[in-house]
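In what follows, a single structure is set out as structure tokens and then discussed.
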Amino acid sequence: MTVAIIDYGSGNLHSAAKAFERAARSMDDPEAIKVTRDPDAVYRADRIVLPGVGAFADCRRGVDAVDGMLEALTEAVRVKARPFFGICVGMQLMATRGKEHVTTEGFDWIAGDVVKIEPRDENLKVPHMGWNTLDLVREHPVLERLPLGPKGRHAYFVHSYHLAPANEADVLARAEYGGPVTAIVGKDTAVGTQFHPEKSQRFGLALISNFLKWKP
Amino acid sequence: MFKVRVIPCLDVKDGRVVKGVNFVDLRDAGDPVEAAIAYDAAGADELTFLDITATHENRGIMLDVVRRTAEACFMPLTVGGGVRTVDDIKTLLRSGADKVSINSAAVSRREFVKEAAEKFGEQCIVVAIDAKRVKRAGGSDRWEIFTHGGRNATGIDAIEYAQEVVALGAGEILLTSMDRDGTRQGFDLPITRAIADSVSVPVIASGGVGNLDHLVDGVREGHATGVLAASIFHFGEFTIRQAKDHMVRAGLPMRLDP
Chain A
19 MTVAIIDYGS GNLHSAAKAF ERAARSMDDP EAIKVTRDPD AVYRADRIVL
69 PGVGAFADCR RGVDAVDGML EALTEAVRVK ARPFFGICVG MQLMATRGKE
119 HVTTEGFDWI AGDVVKIEPR DENLKVPHMG WNTLDLVREH PVLERLPLGP
169 KGRHAYFVHS YHLAPANEAD VLARAEYGGP VTAIVGKDTA VGTQFHPEKS
219 QRFGLALISN FLKWKP
Chain B
761 MFKVRVIPCL DVKDGRVVKG VNFVDLRDAG DPVEAAIAYD AAGADELTFL
811 DITATHENRG IMLDVVRRTA EACFMPLTVG GGVRTVDDIK TLLRSGADKV
861 SINSAAVSRR EFVKEAAEKF GEQCIVVAID AKRVKRAGGS DRWEIFTHGG
911 RNATGIDAIE YAQEVVALGA GEILLTSMDR DGTRQGFDLP ITRAIADSVS
961 VPVIASGGVG NLDHLVDGVR EGHATGVLAA SIFHFGEFTI RQAKDHMVRA
1011 GLPMRLDP
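Line order of the protein sequences matches chains A and B.
If you read the first sequence in the working numbering, its first letter stands for residue 19, the second for the next number, and so on.
If you read the second sequence in the working numbering, its first letter stands for residue 761, the second for the next number, and so on.
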């Protein structure tokens, strides 16, 4: 079994790869983690991870710049139904559109736009940078045995925009930051987190383990 | 609920922690990676490395430290010190840093902040500000930016500068009071509050922590969203958990995950 982590020039690749390697090592049948910019390897992978930091439009350009990558990714996830994990902007790219500075097309796997967060409390800073708890919206195998809710574990966020889904059913968890922030989305065989599981210590590794075990 | 961050800072020179870290049994108290692993286990919310290596040739050692830390610690890591070019940022991020802090290079050329934020995203660009209170003849005091560890005055107003770098794309401000750094008298609360209240991004207070009340003051009085300290943690005076428990008792929202 192989997990392809897509390399399209995003900065946090190293950390993401190391966290997936660590989580995979603790499994009975460890999956091979492969960082790749080869569309064919992505197409053939059993699971796919799309990390992403920076601006929506830049990340979209990064994916488009690798010839054949978007087609391979779409085919693998939407047709072959391979499990997919988008992280931060990698998750935001699942949306219909990004509205960070300019309007940019997303993959349109999850109907909705990526919009600026606007905390109602003026003491709350943007970016939403730091640790926050998660409120469960919908049960999902990747959330199995994870302590959520106000007394649950924390996830590490760094972002100024979030995915505002058109359908409530696509949201798995939210965080509270002067209003609701979309924290985890899930639809069909794809999930995505606005926060960084690779930076969320034990909680993040547990979530990654769940994803690696998930058989949709 | 969103939580206040407690951030230990390690000064690293030529790949070694300056003065060492002695709060747990480490095989090598001078190894930054071992110290990082210990802070990760202790529940630090982020970690900051400040590279004070003087020579260009030894800079590569820091990249190796960052790489090894990122392999072992799954927590946010900020690296600063000597960051002058877009390439410096790129190699640090590629090595596993999550945020990079820019100091003197932003003072001498503000556009660097913009270039960095546009290329890598505002979320990973921290601007470190070293401020010092300056007496003005006949007027009220103000805070000015100092570079080179507080030795070089620039005449630049710290509050105006903070607003300027945030407008250019800084995603966070790391504010160090050069008057308080190393004094153990607590943060310079007036400047911390003045800057925190005048910018939209998070401000991390730094410089002067001598006890746990100081951490509380930094948030409550200084309006910082995170507090950075070094010696009170490195030499076992207080653990990260003691600091957080104290802040919880003071009514601050803290992350206490095991």
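All C-beta atoms in this analysis are idealised placements derived from N, C-alpha and C, irrespective of residue type, glycine included.
Quick caveat, the model's predicted, so the values are computed rather than measured.
Starting from residue i, find everything on chain C with Cβ-Cβ shorter than 7 Å and list it in chain order.
i        : result
A/Tyr195 : The structure shown has no chain C; the protein chains it does contain are A and B.
Excluding five sequence neighbours on each side, which residues of the same chain lie with their C-beta closer than 7 Å to the C-beta of residue i?
i        : result
A/Val155 : Val189, Leu190, Ala191, Arg192
B/Lys773 : Ile812, Thr813
A/Lys117 : Asp131, Val132, Val133
A/Thr114 : Gly124, Asp126, Ala129, Gly130, Asp131
A/Asn185 : Ala129
9 Å is my cut-off, CB to CB: does residue i come that close to chain B?
i        : result
A/Arg220 : yes
A/Asn141 : yes
A/Asp82  : no
A/Glu216 : yes
A/Tyr61  : no
A/Val160 : no
A/Pro168 : yes
A/Ser44  : no
A/Leu223 : yes
A/Ser227 : no
A/Asp76  : yes
A/Met147 : yes
A/Ala37  : yes
Report yes if the CB atom of residue i is closer than 9 Å to the CB atom of residue j, and no otherwise.
i         : j        : result
A/Tyr26   : A/Val84  : yes
B/Gly946  : B/Asp977 : yes
A/Arg100  : A/Ala42  : no
B/Ala990  : B/Leu853 : no
B/Leu934  : B/Ser966 : yes
B/Leu1049 : B/Thr851 : Limits of chain B in this structure are 761 at one end and 1018 at the other, which puts residue 1049 of chain B out of reach.
A/Pro215  : A/Ala173 : yes
B/Ala877  : B/Ala930 : yes
B/Cys833  : B/Asp800 : yes
A/Leu225  : A/Val160 : yes
Please classify residue i: does DSSP put it in a helix, a strand, or coil?
i         : result
B/Met1014 : strand
B/Asp948  : coil
A/Asn150  : strand
B/Cys769  : strand
B/Val976  : helix
A/Phe103  : strand
B/Thr829  : helix
A/Val21   : strand
B/Asp791  : coil
A/Arg40   : helix
B/Asn818  : helix
A/Lys117  : coil
B/Arg776  : strand
B/Asp917  : strand
A/Lys98   : coil
B/Ala984  : coil
B/Asp824  : helix
B/Val926  : helix
A/Glu140  : coil
For a cutoff of 9 Å on Cβ pairs, would you count residue i as touching chain A?
i         : result
B/Ala830  : yes
B/Arg1001 : no
B/Leu972  : no
B/Ser960  : yes
B/Glu871  : no
B/Asp765  : Note that residue 765 of chain B is Arg in the sequence shown here, rather than Asp. Closer than 9 Å to some Cβ of chain A, the Cβ of B/Arg765 qualifies, so yes.
B/Asn853  : Reading off the sequence shown, one finds Leu at residue 853 of chain B, where the question assumed Asn. So, interface residue.
B/Cys769  : no
B/Arg1015 : yes
B/Gly982  : no
B/Val979  : no
B/Asp824  : no
B/Val1005 : Looking at the sequence shown, residue 1005 of chain B is not Val but Asp. Not closer than 9 Å to any Cβ of chain A, the Cβ of B/Asp1005 fails to qualify, so no.
B/Glu904  : no
B/Phe834  : yes
Please list, in chain order, all residues of the same chain as residue i whose beta carbon is under 6 Å from its beta carbon, the five residues on each side excluded.
i         : result
B/Val926  : Val959, Val961
B/Phe872  : Ala865, Ala866
B/Trp903  : Ala891, Arg893, Ala918, Ile951
B/His1006 : Leu972
Note down, in chain order, each residue of its chain lying with its Cβ closer than 8 Å to the Cβ of residue i, except the 5 sequence neighbours on either side.
i        : result
B/Gly970 : Thr943, Arg944, Gln945, Gly946, Ile992
A/Arg55  : Ile24, Asp25, Tyr26, Val84, Met87
B/Arg776 : Gly790, Asp791, Pro792
A/Tyr179 : Phe74, Gln110, Gly116, Lys117, Glu118, Val132, Val133, Lys134, Ile135
Can you give, in chain order, each stretch of the beta strand (DSSP E) that sits fully within the region 838-907 of chain B and has at least 3 residues?
At a cut-off of 3 residues, the continuous stretches assigned as beta strand (DSSP E) that sit fully inside the region 838-907 of chain B are 859-862, 885-894, 902-907.
List, from N- to C-terminal side, the beta strand (DSSP E) runs of 3 residues or more that fit wholly inside the region 42-73 of chain A.
Listed in chain order, the beta strand (DSSP E) elements of length 3 or more contained wholly in the region 42-73 of chain A are 50-54, 65-68.
If we require 3 or more residues per run, which beta strand (DSSP E) segments fall completely within the region 156-228 of chain A?
Runs of the beta strand (DSSP E) inside the region 156-228 of chain A: 172-177, 179-183, 189-194, 198-205, 208-211.
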